[in-house]
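One structure is given here, and the rest of the page talks about it.
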Amino acid sequence: MSRSLDIVLSFLLPKVTCLSEKDGRQVLLINATRKELGCEENNDSPPQVTLVSIILVVAVVVASPILVVVFRHEVLVLKHRLLYRHHTDKHFPALLDDLRYDVFVSTATNSDNDATWVSRILLPAMDRRRLTYFVPQRDYLPGAIPMDEVVQTLRQSKCALILLSPDYLAQPICCFQFRQAYDMMVKEGRGRVFVVCLQKVKRGQVQDRFLRAMLNLNMAYSGHCPEHLSAVLSRI
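When we follow full-length UniProt numbering, the leftmost residue of the sequence shown carries the number 1, and every step to the right adds one.
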């Protein structure tokens, strides 16, 4: 009986066909592959697509740390901005009693154009909003040490207004004012620093990397656009 069954199977098996799941055609059972029988997962992705995906993943993994290093100051500026504490009275209630000024105005001391803009445009605009402000060239105490006066006044100010121009960048005391304002206000979350461009400056002229990062991130306002000035003063 067993021998007869073997003979029958050996005669019929070569003629048995099955339906391929891959393309729907009839395939001889003895010639069918595991994939055609549905025993293997069908991977239709071309090898080229898989290779490209791997290359892209590797490129992102390699490039990400490099970009963070190259643009680390831009990343830090965004971090400081996101972590800025809007409600100062909740975090630094003791500081409110020390605030004497709404705005610390940092501007070049040897620029007639900048001084004219301050006296004719900025100060009247702040007066209309009843903002209190400190202008170093005008309000320094006689005999005071400029750097000490800057630090002390920044501690008593709600925000700093940086009036950027080539003359501003050429003065070390102005660069000192910006860095102190950024460190004391932005990094510590005690206030804000606004940059207003009075004249066009080249990126190569900007030595302070945080100031350059703010310019690269388009975080500066135009002093010749009334809407920009209004936007800045409304945020103080």
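Even glycine gets a Cβ: it sits at the ideal position worked out from N, Cα and C.
Here the structure is a predicted model, which means the values were calculated and not measured.
Applying the 10 Å Cβ sphere with the 16-neighbour rule, what's the burial state of residue i?
i    : result
L51  : exposed
V150 : buried
C174 : buried
V118 : buried
V201 : buried
L56  : exposed
G223 : buried
R120 : exposed
L82  : exposed
G143 : exposed
Assuming residue i is part of the alpha helix (DSSP H), what are its boundary residues?
i           : result
D183        : From DSSP, D183 is part of no alpha helix (DSSP H); its letter is neither H nor E.
Y140        : Element bounds for Y140: n/a, residue is neither H nor E.
V232        : 226-234
R192        : That residue, R192, is in no alpha helix (DSSP H); its beta strand (DSSP E) goes 192-197.
D127        : 123-128
D112        : 112-117
residue 243 : Residue 243 lies beyond the residue range present for the chain, which begins at 1 and ends at 236; the question has no answer from this structure.
Between residue i and residue j, is the Cβ-Cβ spacing less than 7 Å?
i    : j    : result
D102 : K158 : yes
L229 : R129 : no
L169 : Q205 : yes
Q171 : A108 : yes
Q180 : L154 : yes
L99  : Q156 : yes
With a CB to CB cut of under 6 Å and the five nearest residues on each side skipped, what residues in its chain are close to residue i?
i           : result
V105        : Y133, V135, L161
G191        : K158, C159, M185
C225        : none
residue 295 : Residue 295 falls outside the range modelled here, since the chain spans only 1 to 236, and no answer is possible.
M126        : Y133
Quick one: residues in its chain with C-beta nearer than 8 Å to the C-beta of residue i, no 5 flanking neighbours on either side, listed in chain order?
i    : result
L131 : D102, V103, L233, I236
A231 : Y221
E74  : A213, N216, L217
P110 : The displayed chain sequence assigns Asn, not Pro, to residue 110. The answer, listed in chain order, is D167, Q171.
For residue i, collect the residues of the same chain with a Cβ closer than 7 Å to its Cβ; drop the 5 residues on either side in sequence, then sort them by chain order.
i    : result
M147 : F176
I54  : none
V8   : Summary for V8: the model assigns pLDDT 47, below 50, so the residue's position carries little reliability, and this model does not support an answer.
R203 : R212, L215
D208 : C175, F178, R179
Could you pull the start and end residues of the beta strand (DSSP E) that residue i belongs to?
i    : result
A220 : 220-222
L161 : 157-164
D102 : 101-106
Take every Cβ of the region 185-196, pair it with every Cβ of the region 212-225, and state whether three or more of those distances are shorter than 8 Å. yes
Counting Cβ pairs, one atom from each stretch, are 3 or more of them under 8 Å apart for the region 109-116 and the region 165-175? yes
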